[in-house]
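Residue numbers (my numbering): 42 to 244. No residue lacks a Cβ here, since even glycine has one placed at the ideal position from N, Cα and C. Structure first, commentary second.
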Ligand SMILES: C[S@@+](CC[C@H](N)C(=O)[O-])C[C@H]1O[C@@H](n2cnc3c(N)ncnc32)[C@H](O)[C@@H]1O
């Protein structure tokens, strides 16, 4: 869900009997479709996860990588419900989302290095404060990444959010990105979550 240019769709097409991919970006979706031209078990749908009904049935395994990052709380929660509703009871959802803790560590390291260079505490914190962030942004974990505002998640927030949507977290890991020695940018990570949709007992 939110397949983009289809980095993972050929792999999924080899591993599963049927793969339904969707995204709202037409150009990306066309590229994803082209990447699967040799498979006959894939479908591609253009849709907005925050507003449209998904035209395929719930599945046993859904994958959603760095898609649930909309800065709007409303849009994001609608997309969360769409994505989680597409998972069958007992089925698995694999998610990747940006880590709020990773961002906080970046700020911490930036401030530390300014202190080491002789800044006062005030100078260091002012120089490293997120640019143009509102109080609501900071409260919601919205930060700017290369000019795009997006949602970053706390580990415990993800567990609570998924619980509320009837999914139990089975595994949560860091996807650690290598430190870029050349630019001096520190090692950062995303959260990788495997969650299982709860079975609801019929009376
Ligand atoms: C960072 S890219 C990740 C693409 C892909 N999941 C991957 O890992 O290569 C985010 C994708 O989510 C899609 N997207 C964002 N908001 C969406 C929405 N409301 N409905 C459908 N797709 C959306 C974008 O078009 C983009 O392709």
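**Asked** For residue 77, which residues from the same chain have a beta carbon less than 6 angstroms from its beta carbon, with the 5 sequence-adjacent residues on both sides left out?
**Response** 50, 51, 54, 83
**Prompt:** Between which two residues does the beta strand (DSSP E) harbouring residue 139 extend?
**Reply:** 128-139
**Item:** Extent of the continuous beta strand (DSSP E) to which residue 201 belongs
**Value:** From DSSP, residue 201 is part of no beta strand (DSSP E) but of the alpha helix (DSSP H) over 196-205.
**Prompt:** Per DSSP, which one or two residues make a beta bridge with residue 113?
**Reply:** For residue 113, which the question treats as bridged, DSSP gives no partner whatsoever.
**Prompt:** Between residue 211 and residue 200, what straight-line distance do the alpha-carbon atoms span, to the nearest angstrom?
**Reply:** 10 angstroms
**Request:** If I'm right that residue 62 touches residue 47 with Cβ under 8 angstroms, what's the distance once you round it to whole angstroms?
**Result:** 7 angstroms
**Asked** Grouping DSSP H, G and I as helix and E and B as strand, with all else coil, what is residue 230?
**Response** strand
**Message:** I believe residue 124 touches residue 99 by the beta-carbon criterion, under 8 angstroms. Please report the beta-carbon distance rounded to the nearest angstrom.
**Reply:** Incorrect: roughly 11 angstroms between the Cβ atoms, too far for contact.
**Request:** Decide if residue 218 is buried, meaning its Cβ has at least 16 other Cβ atoms within 10 Å, or exposed.
**Result:** exposed
**Asked** Per DSSP, which one or two residues make a beta bridge with residue 176?
**Response** DSSP, once it has assigned bridges, lists no residue as partnering residue 176.
**Message:** Measuring straight from C-alpha to C-alpha, what distance separates residue 145 and residue 239?
**Reply:** 32 angstroms
**Request:** Using DSSP bridges, identify the partner residues of residue 152.
**Result:** DSSP output for residue 152 lists no bridge partner at all.
**Message:** Using DSSP's beta-bridge definition, name the partner residues of residue 63.
**Reply:** 86
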